[in-house]
Amino acid sequence: MAEKAIKQSVFLWEGSDKRGVKVKGESQGSTPAMVKAELRKRGIAPKKVRKKSTLFSSTKGKKITSRDIAIFSRQLATMMSSGVPLVQAFEIIGRGHDNPRMQELLMTIKNDVESGNPLAESLAKHPLQFDELFCNLVRAGEHAGILENLLHKIATYKEKTEAIKAKIKKALFYPTAVIVVAGIVTAILLIFVVPQFEELFSGFGASLPAFTQMVIGLSRFMQDWWFAVLAGTIAIIYGFIQLKQRSTKFGHFLDKMALKIPIVGPILNKAAIARYSRTLSTMFAAGVPLVEAMDSVAGATGNIVYSDAILRIRDEVSTGRQLNLSMKDAGLFPNMVIQMVAIGEESGALDDMLAKVADFYEDEVDNAVDSLSSLLEPLIMAVLGVLVGGLVIAMYLPIFKLGQVV
27 MAEKAIKQSV
37 FLWEGSDKRG
47 VKVKGESQGS
57 TPAMVKAELR
67 KRGIAPKKVR
77 KKSTLFSSTK
87 GKKITSRDIA
97 IFSRQLATMM
107 SSGVPLVQAF
117 EIIGRGHDNP
127 RMQELLMTIK
137 NDVESGNPLA
147 ESLAKHPLQF
157 DELFCNLVRA
167 GEHAGILENL
177 LHKIATYKEK
187 TEAIKAKIKK
197 ALFYPTAVIV
207 VAGIVTAILL
217 IFVVPQFEEL
227 FSGFGASLPA
237 FTQMVIGLSR
247 FMQDWWFAVL
257 AGTIAIIYGF
267 IQLKQRSTKF
277 GHFLDKMALK
287 IPIVGPILNK
297 AAIARYSRTL
307 STMFAAGVPL
317 VEAMDSVAGA
327 TGNIVYSDAI
337 LRIRDEVSTG
347 RQLNLSMKDA
357 GLFPNMVIQM
367 VAIGEESGAL
377 DDMLAKVADF
387 YEDEVDNAVD
397 SLSSLLEPLI
407 MAVLGVLVGG
417 LVIAMYLPIF
427 KLGQVV
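For reference, each letter of the sequence shown is one residue, going 27 to 432 in the working numbering.
Next comes the structure, spelled out in structure tokens:
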């Protein structure tokens, strides 16, 4: 099945329906003959069928983001709630999207569904945009006959997770901004400003303070080797990214250390718990068995430490142990979360309890990020003040010393 899906292409066709009205569109198939046969089954007499050019389709338009998928999920859920048929809903959303790549993706899925394939199977052919969790939820909705309700749950889940991602990015942006801005300002001062003072000091005929000599030496190094410093910085960043992507042990180490960073670490912990609770609540409410759901939940936490712990919890739950006891042994979840899960298991309302936990920790992340932003704004000014002030003091120390001698 996977091999067949790979060989399929998108074809543009023109023809006329049973009433003789001219129609045109796109369909997926392996050959023009197969597309024509499929069109005839639908009561369309094909006149022209040609393969759609992919020369520019893969490069035209913006990259499809997870936010695009979240918006699409809400649009599809709303349209189906309004009674719009699935294929027509894809047509409306696809034609109305301003991103050509997203248009192409939705029209391909529409054609696939129109050919008689289940929606979950059609989505699964595009794993970069629709992950296993998304497809599993859609499949559960199709099997239970509650696709419309599940789409609303998926839309809410995607919106919540995107909001958490945005908050985490915002939390990490400020420390990064401090480092980058401080580095740029310091480099500009060392390369362009300090040399002007060095020319002035050369006529003093006296020894310079040690602090000033150190800054001048650093300035000379930056003037001579700035390109090497820049290339080295880029190489380190690139190597760091590649190592993180290729080495599981290094990625595990980074995720573990990130959870221990002061201020930022607690935010990452709360975000992981919020994602865990929201994902498990959504899947459990969709009727997905708990053990089966844990695989998707592990991948949704965004942190390897939590992913490994959830997989261990899954193994314990599969033997018949209660979820709250396995979570307690993991040592990552606060007592409040464990107690809420225990109440949910006893009352048979685990999905509701997990949803409440997710709401609580999402609010906690919001408040923590807002507090971090308020804290780091003056910190940025303080760091820049120390750097710039230190360089200014180093340059004016010889002038103060000369004044004392005079």
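For each residue, glycine too, the CB sits at the ideal point set by N, CA and C.
Remember, it's a predicted structure, so these values are computed and weren't measured experimentally.
Going by DSSP, name the residue or residues bridged to residue i.
i, result
"G109", "In the DSSP output, where bridge partners are listed per residue, G109 has none listed."
Residue i: buried (16+ other C-beta within 10 angstroms of its C-beta) or exposed?
i, result
"D281", "buried"
"P424", "buried"
"F82", "Residue placement at F82 is flagged as unreliable, the pLDDT there being 41, under the threshold of 50; the coordinate-derived value follows with that caveat. Exposed, because fewer than 16 other Cβ atoms sit within 10 Å of the Cβ of F82."
"S373", "exposed"
"Y422", "exposed"
"E225", "exposed"
"T202", "exposed"
"N295", "buried"
"T85", "Reliability fails at T85, whose pLDDT of 42 lies under 50, so the model's placement of it is uncertain and the value that follows must be treated cautiously. With fewer than 16 Cβ atoms within 10 Å of its Cβ, T85 is classed as exposed."
"E130", "buried"
"S148", "buried"
"F266", "exposed"
"V418", "exposed"
"Y183", "buried"
"G41", "buried"
"Y264", "exposed"
"E76", "The question names Glu, but residue 76 is Arg in the sequence shown. Looking at its Cβ environment, which holds fewer than 16 other Cβ atoms inside 10 Å, R76 is exposed."
"S273", "exposed"
"A375", "exposed"
"K186", "buried"
"K193", "buried"
"T435", "Within the shown structure, residues of the chain are numbered from 27 to 432, placing residue 435 beyond reach of any answer."
"Q271", "exposed"
"A71", "exposed"
"Q268", "exposed"
"N350", "buried"
"G370", "buried"
Can you tell which of the options has the C-alpha that lies nearest to the C-alpha of residue i?
i, options, result
"L285", "V314, F276, A298 and F37", "A298"
"I60", "Y200, S35, L112 and I267", "For the record, residue 60 in the displayed sequence is Met; it is not Ile. Among Y200, S35, L112 and I267, the Cα nearest to that of M60 is on S35."
"M309", "C161, K67, A63 and G122", "C161"
"A103", "Q222, V164 and R66", "V164"
"A175", "A208, M105 and V139", "The amino acid occupying residue 175 in the given sequence is Asn; Ala does not appear at that position. The option with the nearest alpha carbon to N175 is M105."
"D138", "Q114, P126 and D157", "Q114"
"M407", "K354, V207, A384 and R272", "V207"
"A197", "E390, L417, I419 and G415", "E390"
"Y387", "G370, F359 and I369", "F359"
"P235", "I214, V219 and F426", "F426"
"L177", "G415, S108 and K275", "S108"
"D341", "F199, D321 and K354", "D321"
"S245", "D396, N143, P221 and S233", "P221"
"M128", "L173, I97, K73 and Q268", "I97"
"D392", "I287, G313, K195 and S228", "K195"
"G46", "L215, K62, P58 and G69", "G69"
Could you give the C-beta distance for residue i and residue j, rounded to a whole number, given that I count them as a contact under 8 Å?
i, j, result
"T212", "L38", "No, T212 and L38 are not in contact; Cβ-Cβ is about 57 Å, not under 8 Å."
"L380", "L306", "5 Å"
"K136", "E117", "6 Å"
"A311", "I190", "At roughly 19 Å, the Cβ-Cβ gap does not stay under 8 Å, so A311 and I190 are not in contact."
"S333", "A319", "Contact doesn't hold; Cβ gap of about 14 Å is too wide."
"M248", "V241", "10 Å between Cβ atoms; not a contact."
"I260", "L398", "Not really, about 28 Å apart at Cβ, beyond 8 Å."
"L65", "S53", "7 Å"
"E188", "R93", "6 Å"
"A433", "S99", "Outside the displayed span of the chain (27 to 432) sits residue 433, for which this structure offers no information."
"S303", "A384", "4 Å"
"I339", "A356", "6 Å"
"V204", "L405", "7 Å"
"H123", "L132", "7 Å"
"S352", "V343", "6 Å"
"P144", "E168", "6 Å"
"H278", "I210", "Actually they do not touch by this definition, with Cβ atoms about 32 Å apart."
"I217", "W252", "6 Å"
With respect to the alpha helix (DSSP H) encompassing residue i, which residues constitute its N-terminal and C-terminal limits?
i, result
"V211", "L173 to I214"
"S56", "Premise fails: S56 is in no alpha helix (DSSP H) and is neither H nor E."
"V255", "A236 to R272"
"S148", "L145 to A150"
"N125", "Neither: N125 is in no alpha helix (DSSP H) and is coded neither H nor E."
"Q365", "N361 to S373"
"N162", "E158 to A170"
"S333", "I330 to S344"
"L316", "L316 to A326"
"R304", "V290 to A311"
What span of residues does the beta strand (DSSP E) with residue i cover, start to end?
i, result
"K74", "A71 to K77"
Compute the minimum distance between the beta carbon of residue i and the heavy atoms of the ligand SAM, and state whether it is under 6 Å.
i, result
"S148", "Because no ligand of any kind appears in the structure shown, any question about the ligand SAM cannot be addressed here."
Under 7 Å between C-beta atoms, does residue i make it to chain C?
i, result
"Y302", "No chain C appears in this structure, which consists of one protein chain only."
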